[in-house]
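Working notes for the structure below.
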Amino acid sequence: MLIQWFPGHMAKAKREALEKLKLVDLVIELLDARLPVSSRNPLIDDIIGNKPRLIVLNKADLADKTATKEWVEYFKQDKKAQRAVSMSTLNNKDVENIKKELKEMMAHKTQAMINKGVKPRAIRLMILGIPNVGKSTLINKLMQKNRAQTGNRPGVTKGQQWLKIGGDFELLDTPGILWPKFEDQLIGQKLALTGAIKDTVFHKDDVALFALRHFMQHYPGRLQAFYKVDEKDFEGAVPDLLMELTTKLRFGEDYSRASEKIIFDIRGGKLGPYTLDQVPVKAAETGEGLAE
Numbered sequence: 001m002l003i004q005w006f007p008g009h010m011a012k013a014k015r016e017a018l019e020k021l022k023l024v025d026l027v028i029e030l031l032d033a034r035l036p037v038s039s040r041n042p043l044i045d046d047i048i049g050n051k052p053r054l055i056v057l058n059k060a061d062l063a064d065k066t067a068t069k070e071w072v073e074y075f076k077q078d079k080k081a082q083r084a085v086s087m088s089t090l091n092n093k094d095v096e097n098i099k100k101e102l103k104e105m106m107a108h109k110t111q112a113m114i115n116k117g118v119k120p121r122a123i124r125l126m127i128l129g130i131p132n133v134g135k136s137t138l139i140n141k142l143m144q145k146n147r148a149q150t151g152n153r154p155g156v157t158k159g160q161q162w163l164k165i166g167g168d169f170e171l172l173d174t175p176g177i178l179w180p181k182f183e184d185q186l187i188g189q190k191l192a193l194t195g196a197i198k199d200t201v202f203h204k205d206d207v208a209l210f211a212l213r214h215f216m217q218h219y220p221g222r223l224q225a226f227y228k229v230d231e232k233d234f235e236g237a238v239p240d241l242l243m244e245l246t247t248k249l250r251f252g253e254d255y256s257r258a259s260e261k262i263i264f265d266i267r268g269g270k271l272g273p274y275t276l277d278q279v280p281v282k283a284a285e286t287g288e289g290l291a292e
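Residue numbering for the sequence shown follows UniProt numbering, beginning at 1 and increasing consecutively.
Below is the structure:
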């Protein structure tokens, strides 16, 4: 569900996140592997501060594998994010890897308790991320057979409920919901293309044109193979390619219907896994911005 974010909503979300952060040892920052920058809250570093953080790139099965590896390495170099891993929605082994990383991150604290003769308590966690990035899915996978309670319940500190994950972890029952950098039109188009926000928020033609431009630059062979277009069709402007595809798809001059099909073809994985955000080094080489 699309959340309309206004200054009041953002202030409340930030306040709730800060209140919850006081209760936990470690934060999982959940991002979409296809949108490692665009699916990130613009104030995330200020919100998390010095709290230990594990970045998880979710939906890695839908993203470009090479790009995901590059992003994981990039985030590992970020001093504010101690660790970074990727997670496929189809691979339960990734969840075990996440648990392993969390234990290693807290090993010094656990050992300190043991040295003091105190039985180590469970590591307390919370998950932070923008809407529709897969927070509830991750909670359910961490809980295995036990379903996480989800919903828009306000976070409170007194009487806060915890979900036990084996004997090693306790997970705050409600994930922290943060907002994306929604005022950036390009980021909005990326979120729309992946289905992270409602299609009605942006014009389908604009999203389709962005998608075609991105695939022409990064995955041209896929466009040629799937839509049976010639390489010469890439020589003109992107709107010309959309017109050509509209004709090939037999939509006459209904560019909106053609745009909708292109968007759903990409979302449905018919053109293969893809990544819309480039790591900074590559972005500089191609002349694209960080979130391009």
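Where is the CB? At the ideal position from N, CA and C, for every residue including glycine.
As the structure is a prediction and not an experimental result, all values here were calculated from the model.
(request) Spell out the partners DSSP gives residue 40 in its beta bridges. (result) Note: residue 40 sits in no beta bridge, so no partner.
(request) Sort out for me which residues DSSP pairs residue 129 with in a bridge. (result) 177
(message) Looking only at its chain, what residues have a beta carbon closer than 7 Å to the beta carbon of residue 59, apart from the 5 residues adjacent to it on each side?
(response) 32, 33, 34, 89 and 134
(message) What ranges does the alpha helix (DSSP H) occupy inside the region 52-81, keeping only unbroken runs of at least 4 residues that lie completely in it?
(response) 65-76
(message) If you follow the alpha helix (DSSP H) that residue 94 is in, where does it begin and where does it stop?
(response) 93-105
(message) Taking a contact to mean a Cβ-Cβ separation below 8 Å, would you say residue 82 touches residue 52 in this structure?
(response) yes
(request) Can you check DSSP and say which residues form a bridge with residue 164? (result) 170
(message) Helix, strand or coil for residue 259? Go by DSSP, reduced to three states.
(response) helix
(request) For my contact list, residue 212 and residue 241 are in at a C-beta cut-off of 8 Å; report their separation, rounded to the angstrom. (result) 6 Å
(message) Assuming residue 139 and residue 178 are in contact, meaning their beta carbons sit under 8 Å apart, how far apart are those beta carbons, in whole angstroms?
(response) In fact, because the Cβ distance is near 16 Å, the residues do not count as touching under 8 Å.
(request) Check whether the Cβ of residue 231 sits closer than 7 Å to any heavy atom of the ligand PLP, and report yes or no. (result) Looking at this structure, you won't find the ligand PLP or any other ligand, since it has none at all.
(request) Out of 108, 224, 110 and 215, point me to the one whose CA is closest to residue 190's CA. (result) 215
(request) Look at the alpha carbon of residue 21 and the alpha carbon of residue 126, and state the distance between them as a whole number of angstroms. (result) 8 Å
(request) Could you spell out where the alpha helix (DSSP H) holding residue 244 opens and where it closes? (result) 238-248
(message) Using only the alpha-carbon positions, how far apart do residue 208 and residue 101 sit?
(response) 38 Å
(message) Taking only three categories from DSSP, how would you classify residue 18?
(response) helix
(request) Would you mind giving the Cβ-Cβ distance between residue 30 and residue 72, rounded to the nearest angstrom? I have them listed as a contact below 8 Å. (result) Wrong, their Cβ atoms sit about 14 Å apart, outside the cutoff.
(message) I need the boundaries of the beta strand (DSSP E) containing residue 90, first residue and last residue.
(response) Taken as a continuous stretch (DSSP letters only), residue 90 belongs to no beta strand (DSSP E), as it is neither H nor E.
(request) Spell out a yes or no on whether the region 227-234 and the region 191-208 are touching, meaning 3 or more CB-CB pairs, one atom from each, closer than 8 Å. (result) no
(message) Tell me the DSSP secondary structure of residue 271 in three-state form.
(response) coil
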